[in-house]
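Chemist: There's a structure below that I have some questions on.
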Amino acid sequence: MQSLRLVRTGRVCEPRPRYKSPEEVYRLLKPMAKLDREHFVVLHLDGKNSVIAKETVSIGSLNQSIVHPREVFKAAIINSSASLIFAHNHPSGDPAPSKQDREITRRLREAGSIIGIEVLDHIIIGNSRYFSMVEAGIL
Numbered sequence: 002m003q004s005l006r007l008v009r010t011g012r013v014c015e016p017r018p019r020y021k022s023p024e025e026v027y028r029l030l031k032p033m034a035k036l037d038r039e040h041f042v043v044l045h046l047d048g049k050n051s052v053i054a055k056e057t058v059s060i061g062s063l064n065q066s067i068v069h070p071r072e073v074f075k076a077a078i079i080n081s082s083a084s085l086i087f088a089h090n091h092p093s094g095d096p097a098p099s100k101q102d103r104e105i106t107r108r109l110r111e112a113g114s115i116i117g118i119e120v121l122d123h124i125i126i127g128n129s130r131y132f133s134m135v136e137a138g139i140l
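Residue numbers for the sequence shown follow the numbering used here, so the first one is 2 and each next one is one higher.
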């Protein structure tokens, strides 16, 4: 599932996945663990925490991807997202967050707060496990 886009047609859309826990997001994005470069993905959610869009914002190198708030929130505004969940993979297999992971999460959360789009979590996907910044008390 490379990109899931919301198309507003005025008709009832098919049921969408709903965010209930970091583990559910991990199961949805688990295939990212096999990627050989870092991919930074944003899940766009509506007011009921249903996923309305999935977007790959950045594809980086073996150990980093460049993410700018402008790129993250552009699609969020277009999709009228109420909140966002960030996820990226660590090709090394170790989902422990780096100093840069923590810093970009802080910056994105601040940007979201300014424009009124809540950041619900940032999940890092490794081999057979994940790290949730919410579960760790970082976010």
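Built from N, CA and C at the ideal position, the CB exists for glycine as well.
My output table needs one value for Asp47: the three-state DSSP class, helix, strand or coil.
Modeler: Asp47: coil per DSSP, three-state reduction.
Chemist: DSSP puts Ile124 in a beta bridge; with which residues?
Modeler: For Ile124, which the question treats as bridged, DSSP gives the partners Ala88, Ser133.
Chemist: Rank Gly61, Arg38, Ile60, Leu30 by C-alpha distance to the C-alpha of Val52 and give the top, closest one.
Modeler: Among Gly61, Arg38, Ile60, Leu30, the Cα nearest to that of Val52 belongs to Leu30.
Chemist: Any idea what DSSP makes of Ile78, helix, strand or coil?
Modeler: Three-state DSSP puts Ile78 in a helix.
Chemist: Confirm, please, whether the CB-CB distance from Glu25 to Val42 is below 8 Å.
Modeler: Taking 8 Å as the Cβ cut-off, Val42 and Glu25 do not qualify as a contacting pair.
Chemist: Tell me the rounded alpha-carbon separation between Phe87 and Arg103.
Modeler: When rounded, the distance between both Cα atoms is 12 Å.
Chemist: Could you have a look at Lys31 and say whether DSSP puts it in helix, strand or coil?
Modeler: Lys31 falls in the helix class under three-state DSSP.
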